[in-house]
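Trainee: Before anything else, here's the structure in question.
There are 2 protein chains.
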Amino acid sequence: MGDELSERQRAILRLLIEQYVATARPVASDVLAANPHLTVSPATIRNAMADLERAGYILQPHTSAGRVPSDKGYRYFVEHLMGTAILPQSEQRTIDHQFHQVELDVEEWMHLAASLLSRLVHNAAVVTTPHSTIPRLKHFQLLDLAERRAMLLLVVQDGTLTQQLLTLEEDWDQEHLSALATEANKHFHHLSAGELAEAVLPPDAPPLLSRVRAVLAGLLARLEEPAASRLHREGLSQLIDQPEFRETDRLKQMLDLLEGDSILLSIVPAVQAREGVQIIIGDEHRSDQMRNCSVVVARYGLPNDVNGVIGVIGPTRMPYGRAVSSVRYLSDLLTGLLDQIYGANSRADA
Amino acid sequence: MGDELSERQRAILRLLIEQYVATARPVASDVLAANPHLTVSPATIRNAMADLERAGYILQPHTSAGRVPSDKGYRYFVEHLMGTAILPQSEQRTIDHQFHQVELDVEEWMHLAASLLSRLVHNAAVVTTPHSTIPRLKHFQLLDLAERRAMLLLVVQDGTLTQQLLTLEEDWDQEHLSALATEANKHFHHLSAGELAEAVLPPDAPPLLSRVRAVLAGLLARLEEPAASRLHREGLSQLIDQPEFRETDRLKQMLDLLEGDSILLSIVPAVQAREGVQIIIGDEHRSDQMRNCSVVVARYGLPNDVNGVIGVIGPTRMPYGRAVSSVRYLSDLLTGLLDQIYGANSRADA
DNA sequence: ATTAGCACTCTCGTCTTGAGAGTGCTAATA
DNA sequence: TATTAGCACTCTCAAGACGAGAGTGCTAAT
C-alpha cells in the first residue's frame, strides 16, 4: 500500500484522469498510448494500469472495458498531479468586467458569482451570502404599517437585512416610532444578540422598547446559526447534461440534495474553519447522499468577520484543475469586494 | 366540430382523464368498463372513444394502445367536467396551522406557500414576492460603512427591502447621514419613482441629497418592472418523479424553464390582469418552451396595490381539480395575510 | 524491461420472435 | 336503432440469440 508510484504510473494516472474527465468513458490502453506524452506501447501501459488497479487508484467497470479513476485516484490527482492551475488571463478579465457592470449590491454579486462559477466549471455552483459569525446590530427602524401593525427593520453590521412584522399593544404613529428607534439605536448600536438581551433600558422606557429589544435579540440570535446563510444555487441545468445523471434516480438524489439546504450547509462550518480551496471527493463525504459527488469549495471574505462560502458541486468526474482555479479566483474576487466595504470598518474596530 | 358531447361521452372523457392523470398510462376501453359509474360494455365505450378521438379530445399513441387526453380534452375537462373542487377541511386546517407557526415575515410566508403548494399538488410551485405596481417610498436610511462608503437602504410602501452601496465624494459620519435622511424622508415620503425625480429640493441641500434622490428614483423605477419580482421556486424534485420526465431532454427543457426567470415572469402580467384561478394547458402557451406543460395560477393580494402571483407548473397530465383548489386556497390565504398588513393602510390612502 | 501477438471475456446493438394488449369491424341481439 | 359479443388485426414490448468489437491478460520473443 505504499504511495510510491513510479514516474510512468503517475503520468498514466494523470493522462487517464484527464481523458476520463473529458470523455466520461472508460479509458483504454491504446488510447493512452496514442498520446504523444507517452512513448511506450499499449502493453506496457496495460501492465502499469494493472498495478494502478491493484493499488486502488483506478477501476475496471467490467472485463473488456478500459479503466476509470477511483475516488482514491482523484485524490492522488488533486494532491500530486494537477499542479496549481490558474484561470487564463482572458477569462479573468471577462469576469472582472462582469462584476464591474453590475450594481453595487451584495446579493447581485453573489448571484453573479454563482452563475459565473457554474458556467466556468459546467457544474452546479453554490454561494452563501456573507455574514459574520457574531452578528451585531448596526441599525434598526420601526415603520408604521396599519393600525397596530409595524415593521421592525434590522440592519446587521455585516450588511444583512431582516424584517419582522409586529403587532403592537397600542396605536403608535410613525413619528413616535421613529423617535423611539432613534433613541434606542444609540444604546443598541453594535451589540450582539447576547449583549442586547442584557442591555439596560432607561427606567422610563415604554414597554414597547423592551419588546423591540427582545425581538431584535431573537433575530440576531437566529442569524448566528449557520443555517441562516442564504444559499444561492445555480447551474442545475449544467448537471443534467452530465452522463452520470442519465439515470434519473441519480439525478433525483442530486436534486434532493440541492433543494434542501441542510446537507449543503453542513459543509459550511468545515469550510469556514480552514483557509484556501478545499476538495471533497466522493466517499470522503460524511453524508451518504453525497457519496458520488465531489465538492470544490472555499471561504471568501474577512477571516473572523463577515464571510461566506463559494463552491462547485458535481459528479466525482470533475475538471478539478478548472474547478479549483475558478473557485479560487472568484473567492479572492469576492473577498476583495467585501474588503472594500467592510474592511476598513473591521480594521477600525479591532 | 360541434362542442356537444353526449352525456355518455362526457362521462367517459371525465373518467378517462381521471384515470390517466392517476396512472400516466393510456386508458383502455375495458378499464373504463370496469368502472362502476359506467354500465356499458367495452365495445360501446370503444365507439364513444372513436368519436372523442375524431373530435380531438383524446389521442391514441399507437394502434394497440388505449387513449390519452389531448390538450383540448383537458381544456374541456377543466371547463365542463371537473366542477369546483374544494380542498378538504382537514388539509385546510393543516395549512392554516403551518402558517400560524411561522414568524410574521413575508418572505417566510412565500416560501411556505410555495413549499406547501408543491407538496399538495406534487408538482413544481412558483410564488412571486408581493409588490405593488407603482412602488412608493416608505422610508430610507443612509448607513456609514467604511470611509466614503455608505449603504443606502430603501423600504418601499409594499414592504420590499432594497439596498444599494454608495461611494461618497467626501467623508460623512453617521450622524450627518442620519440627519440628512431624516430630513429628506419627510419630503420623499410616499413618492413614486417619477414623482421623486421631479421633487424639488431645498436650495441649500448638499449635493449628496440629489445624488441620493437619483439613486432612490432608480431603485424605485427598477421595482416597477415586472421582472423585479422575486421568484420562489419549490418542488423541482416532485417533477422528476413524473413519468413524462423520464427522458432527460424533456426534464432539461423544464429545468431551463425554471432556472431562467424570464419565461415564468412572462405569464405574470397576464395573471395579474384577471381575477381568479387561471389554467393554461400545453399548446395554449405562447412560448414553445412551455408547450408540454400546464400552469395553474392565481393572483393574490390587494387588486390594484401590493400583490403577487402563486401557481403550479407541471406536465399537462396534472390533477387539475386539486391544483385549482390548492392554488385558490393558498392565494386566498395569502391575500388575507397581506390584507392584515397593508389593507387598512391602502384603504386609508384611497 | 518492454513489446508483439493472440486467445479470451464481456458488452452492446441488432434482430427475431412470441405473447399480450387493445383496437376496429362485423354480425348478432334487445 | 343502439348495444354488444366475437374475432381478426396491428403494434408494442420483453426476452432471447447472435455477432461484432472492444479491451484485456498472458506468453513468448526481443
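So the sequence lines, in the order shown, correspond to chains D and P.
Just so you know, we're using our numbering here: the first sequence kicks off at 55 and counts up by one.
Just so you know, we're using our numbering here: the second sequence kicks off at 55 and counts up by one.
Quick reminder that beta carbons are idealized off the backbone N, C-alpha and C, glycines included.
Mind checking if residue 306 of chain D is an interface residue toward chain P, Cβ cutoff 8 Å exclusive?
Mentor: For the purposes of this step, residue 306 of chain D is taken as the residue at position 252 of the first sequence. Yes, residue 306 of chain D counts as interfacial toward chain P.
Trainee: Do you know offhand how far residue 140 of chain P's Cα is from residue 389 of chain P's?
Mentor: On the second sequence, position 86 is the one that residue 140 of chain P refers to. On the second sequence, position 335 is the one that residue 389 of chain P refers to. Cα-Cα distance, rounded: 18 Å.
Trainee: With three or more beta-carbon pairs closer than 8 Å as the criterion, would you say the segment 201 to 213 of chain P touches the segment 180 to 189 of chain P?
Mentor: They touch, by the three-pair rule.
Trainee: Can you grab the Cα-Cα spacing for the pair residue 199 of chain P / residue 160 of chain D, in whole Å?
Mentor: Here residue 199 of chain P corresponds to residue number 145 of the second sequence, with the count starting at 1. Here residue 160 of chain D corresponds to residue number 106 of the first sequence, with the count starting at 1. Distance between the alpha carbons of residue 199 of chain P and residue 160 of chain D: 13 Å.
Trainee: Mapping DSSP to helix, strand and coil, what is residue 123 of chain P?
Mentor: Within the second sequence, the letter at position 69 stands for residue 123 of chain P. Residue 123 of chain P falls in the strand class under three-state DSSP.
Trainee: Can you tell me whether DSSP reads residue 191 of chain D as helix, strand or coil?
Mentor: Numbered from its first residue, the first sequence carries residue 191 of chain D at position 137. Strand.
Trainee: Is DSSP giving residue 198 of chain D helix, strand or coil here?
Mentor: Here residue 198 of chain D refers to the residue found at position 144 when the first sequence is read from its first residue. Strand.
Trainee: By the DSSP assignment, the alpha helix (DSSP H) with residue 317 of chain D in it spans what residues?
Mentor: Locating residue 317 of chain D in the first sequence gives position 263, counting from the first residue. Taken as a continuous stretch (DSSP letters only), the alpha helix (DSSP H) holding residue 317 of chain D covers 315 to 320.
Trainee: Mind listing, in chain order, the continuous alpha helix (DSSP H) runs of no fewer than 4 residues lying wholly within the segment 175 to 258 of chain D?
Mentor: As far as the segment 175 to 258 of chain D is concerned, its whole alpha helix (DSSP H) runs of at least 4 residues are 228 to 242 and 247 to 252.
Trainee: With which residues is residue 85 of chain P paired in a DSSP beta bridge?
Mentor: In the second sequence, residue 85 of chain P corresponds to position 31, counting from 1. DSSP, once it has assigned bridges, lists no residue as partnering residue 85 of chain P.
Trainee: In whole angstroms, what is the alpha-carbon distance linking residue 318 of chain P and residue 191 of chain D?
Mentor: On the second sequence, residue 318 of chain P is found 264 positions in, with the first residue counted as 1. On the first sequence, residue 191 of chain D is found 137 positions in, with the first residue counted as 1. C-alpha separation (whole angstroms): 37 Å.
Trainee: According to DSSP, simplified to helix, strand and coil, what is residue 288 of chain D?
Mentor: Within the first sequence, residue 288 of chain D is the residue found at index 234, counting from 1. The three-state secondary structure of residue 288 of chain D, taken from DSSP, is strand.
Trainee: Verify the contact flag: residue 286 of chain D, CB atom, against every heavy atom of the ligand SAM, threshold strictly below 7 Å.
Mentor: Of ligands this structure carries none, so the ligand SAM is not represented either.
Trainee: My understanding is that residue 292 of chain D touches residue 176 of chain D, with C-beta atoms under 8 Å, so please give their C-beta distance in whole angstroms.
Mentor: Counted from its first residue, the first sequence places residue 292 of chain D at position 238. Counted from its first residue, the first sequence places residue 176 of chain D at position 122. Between residue 176 of chain D and residue 292 of chain D the Cβ distance is about 5 Å, and since that is below 8 Å, they are a contact.
Trainee: With DSSP as the reference, identify every bridge partner of residue 361 of chain D, one or two as the case may be.
Mentor: In the first sequence, the residue the question calls residue 361 of chain D occupies position 307. Bridge partners of residue 361 of chain D: D:185 and D:355.
Trainee: Between residue 395 of chain D and residue 356 of chain D, what straight-line distance do the alpha-carbon atoms span, to the nearest angstrom?
Mentor: Your numbering for residue 395 of chain D matches position 341 in the first sequence. Your numbering for residue 356 of chain D matches position 302 in the first sequence. Distance between the alpha carbons of residue 395 of chain D and residue 356 of chain D is about 11 Å.
Trainee: Quick check on the burial criterion: 16 or more other C-beta atoms within 10 angstroms. Buried or exposed for residue 403 of chain P?
Mentor: Counting from one through the second sequence, the residue named residue 403 of chain P turns up at place 349. With a pLDDT of 47 at residue 403 of chain P, under the threshold of 50, the predicted position of this residue should be treated as unreliable, though the coordinate-derived value follows. So residue 403 of chain P ends up on the exposed side.
Trainee: Measuring only the C-alpha atoms, how far is residue 306 of chain D from residue 178 of chain D?
Mentor: Start at 1 with the first residue of the first sequence, and residue 306 of chain D comes out as number 252. Start at 1 with the first residue of the first sequence, and residue 178 of chain D comes out as number 124. Looking at the two C-alpha atoms, the distance is approximately 14 Å.
Trainee: For the segment 278 to 291 of chain D against the segment 251 to 267 of chain P, do three or more pairs of beta-carbon atoms, one drawn from each stretch, fall closer than 8 Å, so that the two count as touching?
Mentor: no
Trainee: Output, in chain order, the set of chain D residues within a Cβ distance shorter than 9 Å of residue 159 of chain P.
Mentor: Residue 159 of chain P sits at position 105 when you count from the first residue of the second sequence. Within 9 Å Cβ-Cβ: 216, 217, 218 and 219.
Trainee: Under the three-state reduction of DSSP, which class applies to residue 332 of chain P: helix, strand or coil?
Mentor: Position 278 of the second sequence, counted from the start, is the residue given in the question as residue 332 of chain P. Reduced to three states, the DSSP call for residue 332 of chain P is strand.
Trainee: Can you grab the Cα-Cα spacing for the pair residue 248 of chain P / residue 323 of chain P, in whole Å?
Mentor: Reading the second sequence from its first residue, position 194 is the one you call residue 248 of chain P. Reading the second sequence from its first residue, position 269 is the one you call residue 323 of chain P. About 21 Å.
Trainee: According to DSSP, is residue 297 of chain D helix, strand or coil?
Mentor: Locating residue 297 of chain D in the first sequence gives position 243, where the first residue counts as 1. Three-state result, residue 297 of chain D: helix.
Trainee: Determine the direct distance from the alpha carbon of residue 195 of chain P to that of residue 378 of chain D, and round the result to whole angstroms.
Mentor: Taking the first sequence and counting its residues from 1, one reaches residue 378 of chain D at position 324. Taking the second sequence and counting its residues from 1, one reaches residue 195 of chain P at position 141. Approximately 40 Å between the Cα atoms of the pair.
Trainee: In whole angstroms, give me the CA-to-CA distance for residue 134 of chain P and residue 58 of chain P.
Mentor: As a first step, residue 134 of chain P must be located in the second sequence, where it is residue number 80. As a first step, residue 58 of chain P must be located in the second sequence, where it is residue number 4. Going by the C-alpha atoms only, they are around 11 Å apart.
Trainee: DSSP three-state label for residue 350 of chain P, please.
Mentor: Taking the second sequence and counting its residues from 1, one reaches residue 350 of chain P at position 296. Strand, per DSSP.
Trainee: On a CA-only basis, which of P:104, P:309 and P:329 is nearest residue 290 of chain D? Give me that one, please.
Mentor: Taking the first sequence and counting its residues from 1, one reaches residue 290 of chain D at position 236. Measuring from the Cα of residue 290 of chain D, the nearest candidate turns out to be P:309.
Trainee: What residue range does the alpha helix (DSSP H) around residue 343 of chain D cover?
Mentor: By 1-based counting over the first sequence, the position of residue 343 of chain D is 289. Per DSSP, residue 343 of chain D belongs to no alpha helix (DSSP H) and is neither H nor E.
Trainee: Rounded to whole angstroms, what is the Cα-Cα separation between residue 126 of chain D and residue 65 of chain D?
Mentor: To locate residue 126 of chain D, count along the first sequence from 1; it is residue 72. To locate residue 65 of chain D, count along the first sequence from 1; it is residue 11. The straight-line gap from Cα to Cα measures roughly 16 Å.
Trainee: Could you please give me the residues that DSSP links to residue 368 of chain D through a beta bridge?
Mentor: Locating residue 368 of chain D in the first sequence gives position 314, counting from the first residue. In DSSP, residue 368 of chain D forms a bridge with D:348.
Trainee: Going by alpha carbons, who is nearest to residue 158 of chain D out of P:344, P:220 and P:163?
Mentor: Mapped onto the first sequence, residue 158 of chain D falls at position 104. It is P:220 whose Cα lies nearest to the Cα of residue 158 of chain D.
Trainee: List, in order along the chain, the chain D residues whose C-beta lies closer than 8 Å to that of residue 294 of chain P?
Mentor: As a working mapping, residue 294 of chain P is identified with position 240 in the second sequence. Going along chain D in sequence order, the residues near residue 294 of chain P (Cβ under 8 Å) are 302, 305, 306 and 309.
Trainee: My assumption, with CB atoms under 8 Å, is that residue 218 of chain P sits in contact with residue 269 of chain P. Please give the rounded CB distance.
Mentor: In the second sequence, residue 218 of chain P corresponds to position 164, counting from 1. In the second sequence, residue 269 of chain P corresponds to position 215, counting from 1. Sure, about 6 Å apart at Cβ, within 8 Å.
Trainee: Who are the near neighbours of residue 331 of chain D in its chain, counting only those whose CB is closer than 8 Å to its CB and skipping five residues on each side?
Mentor: Position 277 of the first sequence, counting from 1, holds the residue named residue 331 of chain D. The answer, listed in chain order, is 350, 351, 352, 378, 381, 382 and 385.
Trainee: Hey, how far is the Cα of residue 83 of chain P from the Cα of residue 115 of chain P?
Mentor: Working through the second sequence from its first residue, we reach residue 83 of chain P at position 29. Working through the second sequence from its first residue, we reach residue 115 of chain P at position 61. Rounded to the nearest angstrom, the two C-alpha atoms are 14 Å apart.
Trainee: Starting from the Cα of residue 142 of chain P, find the closest Cα among P:98, P:167 and P:174 and give me that residue.
Mentor: On the second sequence, residue 142 of chain P is found 88 positions in, with the first residue counted as 1. The option with the nearest alpha carbon to residue 142 of chain P is P:174.
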